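Take a look at the structure below.
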Amino acid sequence: MPGADQEYRDALERRAEKHGWPALHAELLAIDPDSASRIKPTDSQRIQRALEVFHVSGQTLTSLHATQSSAENGFEFIKIALVPEDRAELHKAIEKRFKQMISKGFLEEVRALVRDNAFVRDAPSMRAVGYRQLLAHLLDGEPLEDAILKGIYATRQLAKRQLTWLRKMPGLQTFDAYAPDIHAKCDSWLENIL
């Protein structure tokens, strides 16, 4: 994948400020319709990267991905994933983990970023699950309990999208992450295919 071109990125940012990201998305649609069909017109980060890849390499993101996918590397990969089949169990684990993050200092971490003015609210890192909700608490007066509940909900939604992405992966062998005999099942499966 080609490296970054900061000058070009800055130029794209200026054009987006003037015309909006949907206009740049339309430009991407003309260059790389396949990538544009997968990217929302408001997804500035992905639009920027797709246009930048074309600018730097002269190839579309779609063609680069196709080239890399079909490249011979001499290795055969086995794709396996632990997928939680029990959704209620997954939701309990997500809630427990989010609350652990809060109790271990996540709120204080975000509070320090706010205090030191060491963040840009619209930066991709600040839109990440958890940060967005805690910033709403610290900057907009959202009650902490509501921010935590929204953070847990957003984490569940992220997990759902990740599981959907995993299930679409061709050739993927999945195992129930909560199965009591998970190690034996994985070992047995691997012995059979190797």
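Just so you know, my numbering puts 79 at position 78 of the sequence shown, and the rest follows in order with no gaps.
By construction, the Cβ of each residue, glycine as well, lies at the ideal position given by its N, Cα and C atoms.
Bear in mind the structure is a predicted one, so any value in this text is a computation, not a measurement.
- GLN49 sits buried, since 16 or more C-beta atoms from the chains shown fall within 10 Å of its C-beta.
- Burial state of THR61 is buried, judged by a 10 Å Cβ sphere holding 16 or more other Cβ atoms.
- When C-beta atoms of the region 172-190 are compared with those of the region 77-85, three or more pairs fall below 8 Å, so the two segments count as touching.
- Straight-line measurement puts the Cα of ARG122 at about 10 Å from the Cα of ALA137.
- Per DSSP, THR43 lies in no beta strand (DSSP E) segment and is marked neither H nor E.
- A straight line joining the alpha-carbon of ALA67 with that of ILE32 spans about 16 Å.
- Beta-bridge analysis with DSSP links THR175 to ALA82.
- In chain order, TYR179 place their CB closer than 6 Å to the CB of ASP87, counting only its own chain and leaving out the 5 sequence neighbours on each side.
- Here PHE107 is not near LEU114, since their CB atoms are 7 Å or more apart.
- A direct Cα-to-Cα measurement between PRO181 and HIS92 gives close to 18 Å.
- Fully enclosed beta strand (DSSP E) runs of no fewer than 3 residues are not present anywhere in the region 89-116.
- With a cutoff of 7 Å on beta-carbon distance, GLU96 and ILE153 are scored as near each other.
- The criterion of a C-beta distance shorter than 7 Å is not satisfied by LEU13 and LEU29.
- Of the other Cβ atoms in all chains shown, fewer than 16 fall within 10 Å of the Cβ of SER104; this residue is therefore exposed.
- Between the alpha carbons of TYR9 and ASP117 lies a distance of about 30 Å.
- By the CB criterion at 7 Å, VAL57 and ASP6 fall inside the cutoff.
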